[in-house]
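Down below is the structure, laid out as structure tokens.
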DNA sequence: TTCATAAATTGGAGCGGCCCAATTTTATAC
DNA sequence: GTATAAAATTGGGCCGCTCCAATTTATGAA
């Protein structure tokens, strides 16, 4: 992917771990690694630091660096920590065919909440749309999105039926790659029962998120209601002080 | 809390942001900051990097560093990104009084799943316990936990009625500060209806987690069923390549 | 052998420098 | 004026070094 030193080291170390080279669960010390890779200790530290953030390894001062045993036991869903987003690409991996149906596509004024979240004046307009998403033709998610028209003037129902983020990236040269997510759950409402084929006692998972452009501009406010069986979010959390 | 340079810089910068010193949403460049704080640019980079990870600021190469506008708008729950854990302390902040009732406390053999997750042999024993947690005397969470006896030989129902992690830290000198969480939702089962006063259509939020000691040893496998109204998880996600 | 102490190991923090890439600003030419 | 090119700005990556703190290992006295 990249020719960055620390990236290559991460890739290499992962491979070594997968290959079972560190059967005692212990990695060489940073100074040795620096020498054997012929890079500075700083780069090793960066690589190991990122891997620790991802939960692949544990570092302990004075003691050493260790492989997270669960990283080996595959099936423990280690591949997508913090990544189950409502984005087309995120769902491809499973080999299922994604589909989108646009239920609504309008232009409206933002209400107070939306003004706050997207930093808009009451007079500004936003696109308001609702999409139903499928996996292998089974509906699993209702998505309600709001995007300021000034940020994507040419947005259309046609684009919404494909991938908005891809459009933004390829046509507008902007990138959406950060999001602030709030995750919760609710009993299914009428819409959920109807569109997601839920019965009364079956809930929906809620992912409310604000998506940002790379310069920090809030780009979209999105509420995703997921069929509870498709609702799963993984994350590795460091409770450390830092 | 700490006398670390980058920590103090973070604290200081946060204060400056809160005080509205950067009304144009733009922070000084790294080199200037380094000079005005009389520290190296490396330390500034570290501080800004961490703040970016937390979603407080956005960095853009060639352009500058900007405040996340949502960080200002308080109420947008920015204080606890990635932290709504089932730990005593996490719930204190809201000013509500936490309570615990131990429903079960046994020693059993781990089943296959548990053996995998905690890396145990079938012959080894684990503590098995179930706790009901309260906030202001209202039950909101059912917690089912498993801890290998070899990791906490002296564990008791008494300890479980208080804080297990505090005990581990103060008495065993170990620290539990990392966890791998899987978040999902389910219709409420009989237990949930009874203990959490849920009606048939009201769901529970599920947080399944493996808690680790600082050296990477899996310490506890825990399943937390939360009353859906108390179920909320916030996180700031960077979809970047990295 | 046991146990306290000293030494070596190992990751953490910080410095200050170098060059580069993306972006913005300024200068220049038409 | 406007478009183009050059220069300055700004964050990214990497190096290599110093010192420190936590831990482990080796040492040596009782």
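Chains as they are written, first to last, in UniProt numbering: chain R, 1 to 242; chain Z, 1 to 242.
Idealized CB from N, CA, C, for every residue including glycine.
All values reported here derive from a predicted model rather than from experimental measurement.
Presumed contact (8 Å Cβ cut-off) between residue i and residue j, rounded CB distance
i                      : j                      : result
residue 69 of chain R  : residue 118 of chain R : Rounded, the Cβ-Cβ distance is 44 Å, inconsistent with contact.
residue 192 of chain Z : residue 204 of chain Z : 5 Å
residue 139 of chain Z : residue 206 of chain Z : 16 Å between Cβ atoms; not a contact.
residue 228 of chain Z : residue 202 of chain Z : 6 Å
residue 161 of chain R : residue 100 of chain R : 6 Å
residue 64 of chain Z  : residue 24 of chain Z  : The pair is not a contact, with the Cβ atoms about 10 Å apart (cut-off 8 Å).
residue 124 of chain Z : residue 110 of chain Z : 7 Å
residue 114 of chain Z : residue 146 of chain Z : 6 Å
residue 56 of chain R  : residue 27 of chain R  : Incorrect: roughly 10 Å between the Cβ atoms, too far for contact.
residue 187 of chain R : residue 134 of chain R : No, residue 187 of chain R and residue 134 of chain R are not in contact; Cβ-Cβ is about 23 Å, not under 8 Å.
As assigned by DSSP and simplified to three states, the class of residue i
i                      : result
residue 165 of chain R : helix
residue 54 of chain Z  : coil
residue 152 of chain Z : coil
residue 89 of chain R  : Its pLDDT being 43, under 50, residue 89 of chain R is placed unreliably by the model, and the measurement read from it follows with that caveat. Helix.
residue 146 of chain Z : strand
residue 127 of chain Z : strand
residue 28 of chain Z  : coil
residue 198 of chain R : coil
residue 69 of chain R  : helix
residue 111 of chain R : coil
residue 170 of chain R : helix
residue 230 of chain R : helix
residue 37 of chain Z  : helix
residue 23 of chain Z  : coil
Residue i versus residue j: straight-line alpha-carbon distance, rounded
i                      : j                      : result
residue 174 of chain R : residue 166 of chain R : 10 Å
residue 182 of chain Z : residue 238 of chain R : 14 Å
residue 213 of chain R : residue 170 of chain R : 14 Å
residue 233 of chain Z : residue 38 of chain R  : 42 Å
residue 67 of chain R  : residue 178 of chain Z : 14 Å
residue 16 of chain R  : residue 31 of chain R  : 17 Å
residue 235 of chain Z : residue 122 of chain R : 28 Å
residue 126 of chain R : residue 219 of chain R : 10 Å
residue 136 of chain R : residue 71 of chain R  : 30 Å
residue 11 of chain R  : residue 53 of chain R  : 15 Å
residue 132 of chain Z : residue 211 of chain Z : 19 Å
residue 143 of chain Z : residue 189 of chain R : 28 Å
residue 164 of chain Z : residue 154 of chain Z : 11 Å
residue 180 of chain R : residue 19 of chain Z  : 23 Å
residue 47 of chain R  : residue 107 of chain R : 46 Å
residue 222 of chain Z : residue 141 of chain Z : 12 Å
residue 158 of chain R : residue 152 of chain R : 14 Å
residue 215 of chain Z : residue 150 of chain Z : 15 Å
residue 168 of chain Z : residue 96 of chain Z  : 24 Å
residue 208 of chain Z : residue 184 of chain R : 15 Å
residue 5 of chain R   : residue 43 of chain R  : 7 Å
residue 116 of chain Z : residue 51 of chain Z  : 36 Å
residue 73 of chain Z  : residue 217 of chain R : 14 Å
residue 60 of chain R  : residue 49 of chain R  : 12 Å
residue 197 of chain Z : residue 226 of chain Z : 11 Å
residue 156 of chain R : residue 21 of chain Z  : 39 Å
residue 104 of chain R : residue 120 of chain R : 22 Å
residue 41 of chain Z  : residue 128 of chain Z : 50 Å
residue 45 of chain R  : residue 7 of chain R   : 12 Å
Terminal residues of the beta strand (DSSP E) in which residue i lies
i                      : result
residue 195 of chain Z : Premise fails: residue 195 of chain Z lies in the alpha helix (DSSP H), 190 to 195, not in any beta strand (DSSP E).
residue 220 of chain Z : 218 to 227
residue 98 of chain Z  : 98 to 108
residue 234 of chain R : 233 to 238
Bridge-paired residues (DSSP) for residue i
i                      : result
residue 64 of chain R  : R:60
residue 206 of chain R : R:184, R:225
residue 176 of chain R : R:213
residue 134 of chain Z : Z:99, Z:139
Residue span of the alpha helix (DSSP H) that contains residue i, given as start and end
i                      : result
residue 12 of chain R  : 5 to 18
residue 120 of chain Z : Segment: none, residue 120 of chain Z is in no alpha helix (DSSP H) and carries neither H nor E.
residue 157 of chain R : 157 to 160
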